[in-house]
Each structure stands twice: as structure tokens, then as C-alpha cells.
Ligand SMILES: CC(C)(COP(=O)(O)OP(=O)(O)OC[C@H]1O[C@@H](n2cnc3c(N)ncnc32)[C@H](O)[C@@H]1OP(=O)(O)O)[C@@H](O)C(=O)NCCC(=O)NCCS
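In our numbering, the protein residues as written are 1 to 259.
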């Protein structure tokens, strides 16, 4: 078990995880997660084989601990079409090469928590993903009882898009997971059936307003005999109404209720 006291003024910096980090990386994963990872996973991380990673170190600690990992994040770039979340992406063009960044593991030693270290590590991942032009989102799974992590992802504006029942099987027990997504480079979720219905209803309503406006306009025309240029300006409210519908609809992305 890694146990250490945090200096009064830790000086945290971030760097890639490298082969000398192998033992500590393996130890921290063992301490923080209920899942055991294969040793091949750790070798892939430290050698950067298919996995990108960032480590956090506290430079205010005495040598050689000042270069020892106190936090980490590991992630992998995957082809969107090969993931189970392909349906959660709205493709602007039929591009089979679109990618996603999947966060595999994230952890910070207990004594270094609530200092913003995990937030910074996630920020590095988002920055990395944003710099890949084919990348449309960063996503991850979190076990349903991990309240601190769920709080962190929501605070960092990740969207909880799905609850996956019995996703994990740990020590003979099933646990649900939440799927969190952070869209980058114009990535977005497709319209849900509910959104399509509300869009349709708004459109119909807009149509009624437009028809009512026209009828009203005809009545008014009969009464006042407006000159032609006034008639065309009457169309404006209808156009504005449609715009409002579109923007309202964009905002109403389904929220996740976590109980
Ligand atoms: C989840 C976990 C990674 C969070 O790590 P962390 O470094 O404590 O997270 P952060 O400090 O970035 O953010 C957590 C809190 O610190 C706050 N915080 C963020 N930046 C801060 C800063 N600069 N100074 C002080 N607090 C800060 C956040 O707002 C948040 O607190 P609040 O919303 O309650 O106020 C950590 O608890 C952990 O390792 N857990 C075990 C492994 C795990 O569950 N991993 C996730 C698997 S999905």
C-alpha cells in the first residue's frame, strides 16, 4: 500500500509515464482499483504501446521520490466504428475513420486528492483528443457507486449518456456502470427519438403560428390595406420562431439521473 504524507506545498507536475514507472504504476493500480489488470497492460502503458498516458509527480518531495507517480491517467485511441458508442455520435459525414479517445484508468493517491490533480490529468486527455482531427469524443465507464469520480466527470462537463446494467463483474457480484462522454472537434450526440418528437411538435407549432399569423395578417390587410413592404416584414416572427426552436432543441440534450 502506497502511504505518504503530502508536503504543505506540493509542487505537482505532469509527464508521460515511462518504463522506470512500471513497479509504482502497478502498485497504485492494485491499491486503487477492485479490478486486477494483466501485467501486459502495465508494460503497454510504460512503453506507450497503443496506450497514451500522463503521470503526476510531486517535485517538492525529496529525491528520488520527487519523480515518483502520485497520479496517472491512461487512454487509448480507438476507431469509433469499432466501439459500442458509435450510435451516440452524430456523424457529420460518412467517415469511417473517425476516432474516439477511451480513458482506461485514472487515479490519484488518497493523500493527494482534492487538489485538482485528476482534473488536470483529464484536461490533458481532452487536449490530446482535441488535437487529433479525426477524434470526436473522449469517453469512459465508471462504476455506479464511485460518487467522487462521477462528481468529477460531471463537474468537467462530461455528459452521462447511458447506464449499463451489470457491466462489471467483481468478486462474484455484478455492478452497473455509467458511460460518460465529452465531445470534441464538433462531435455531438445524434437526436434522440424524444428530441425528434419535440422538434416535430415545435415545428408543427411553428407552422400553426405561421398560419395564424398569415390569417391574422389577411384580416389586418382587409382592415388597413397595408402597403406591400409591410407584408414581407410580417414574415419575420415566423422565421425567428423557427430559430428559437432549433436553439432550444440543441440545449435539451438528455440529462442523466444518477441515484
Ligand atoms: C476520482 C479521483 C481520480 C479524483 O481525483 P482528485 O485528484 O481528487 O480529483 P480533483 O481534485 O481533480 O477533483 C476532485 C475535487 O477537487 C476539486 N478541485 C479541482 N481543482 C481543484 C484545485 N485546483 N484545488 C482544489 N480543489 C480542486 C474539484 O472541484 C473536486 O471537488 P469538489 O467539486 O467537491 O469541490 C480520485 O478520487 C481517485 O483516484 N479515486 C480512486 C480511483 C478512481 O475511482 N478512479 C476513477 C475511475 S473511473
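Glycine included, every Cβ here is placed at the ideal spot set by N, Cα and C.
State the Cα-Cα distance for the pair residue 149 and residue 83, rounded to the nearest angstrom. One-based indexing of the chain shown puts residue 149 at position 149. One-based indexing of the chain shown puts residue 83 at position 83. C-alpha separation (whole angstroms): 22 Å.
At a cut-off of 8 Å, is residue 188 close to ligand 1 when judged by its beta-carbon and the heavy atoms of the ligand? The residue you call residue 188 lines up with position 188 of the chain shown. For ligand 1, no non-hydrogen atom lies closer than 8 Å to the CB of residue 188.
Nearest to residue 8 by alpha carbon, out of 57, 33, 61, 49? On the chain shown, residue 8 is found 8 positions in, with the first residue counted as 1. The shortest Cα separation from residue 8 among 57, 33, 61, 49 belongs to 61.
Looking at the secondary structure, which residues open and close the beta strand (DSSP E) in which residue 143 lies? For the purposes of this step, residue 143 is identified with residue 143 of the chain shown, where counting begins at 1. Per DSSP, the continuous beta strand (DSSP E) segment holding residue 143 begins and ends at 135 to 143.
With burial defined as no fewer than 16 other Cβ atoms inside 10 Å of the residue's Cβ, what is the status of residue 16: buried or exposed? On the chain shown, residue 16 is found 16 positions in, with the first residue counted as 1. So residue 16 counts as exposed.
Close-in-space but distant-in-sequence residues of the same chain around residue 183 (CB under 6 Å, 5 per side omitted): As a first step, residue 183 must be located in the chain shown, where it is residue number 183. Scanning its chain for C-beta atoms nearer than 6 Å, with the 5 sequence neighbours on each side dropped, one finds around residue 183 the residues 137, in chain order.
Limits of the unbroken alpha helix (DSSP H) element including residue 52: Walking along the chain shown from the start, residue 52 turns up at place 52. Note, residue 52: premise wrong, no alpha helix (DSSP H); beta strand (DSSP E) at 52 to 58.
Closest residue to residue 30 among 167, 145, 108, 172 (Cα-Cα distance): Here residue 30 refers to the residue found at position 30 when the chain shown is read from its first residue. The candidate whose alpha carbon is nearest that of residue 30 is 108.
So the candidates are 35, 181, 106; which of them puts its Cα closest to the Cα of residue 55? Locating residue 55 in the chain shown gives position 55, counting from the first residue. With respect to the C-alpha of residue 55, the residue from 35, 181, 106 having the closest C-alpha is 106.
What would DSSP say about residue 104, mapped onto helix, strand or coil? Your numbering for residue 104 matches position 104 in the chain shown. Assignment of residue 104 by DSSP, reduced to helix, strand and coil, places it in the strand class.
With a threshold of 8 Å, establish whether the CB of residue 142 neighbours any heavy atom of ligand 1. What you label residue 142 is simply residue 142 of the chain shown in a count that begins at 1. Relative to ligand 1, the nearest heavy atom lies less than 8 Å away from the CB of residue 142.
Closer than 8 Å: residue 175 CB and nearest ligand 3 heavy atom: Inclusion of ligand 3 in the displayed structure is not the case, the ligand content consisting of ligand 1 alone.
By the three-class DSSP mapping on this structure, what secondary structure does residue 172 have? Position 172 of the chain shown, counted from the start, is the residue given in the question as residue 172. Three-state DSSP puts residue 172 in coil, outside helix and strand.
Note down, in chain order, each residue of its chain lying with its Cβ closer than 7 Å to the Cβ of residue 134, except the 5 sequence neighbours on either side. Here residue 134 refers to the residue found at position 134 of the chain shown. 97, 98, 99, listed in sequence order.
Could you pull the DSSP bridge partners for residue 73 from this structure? One-based indexing of the chain shown puts residue 73 at position 73. According to DSSP, which records beta bridges pairwise, residue 73 is partnered with 54, 106.
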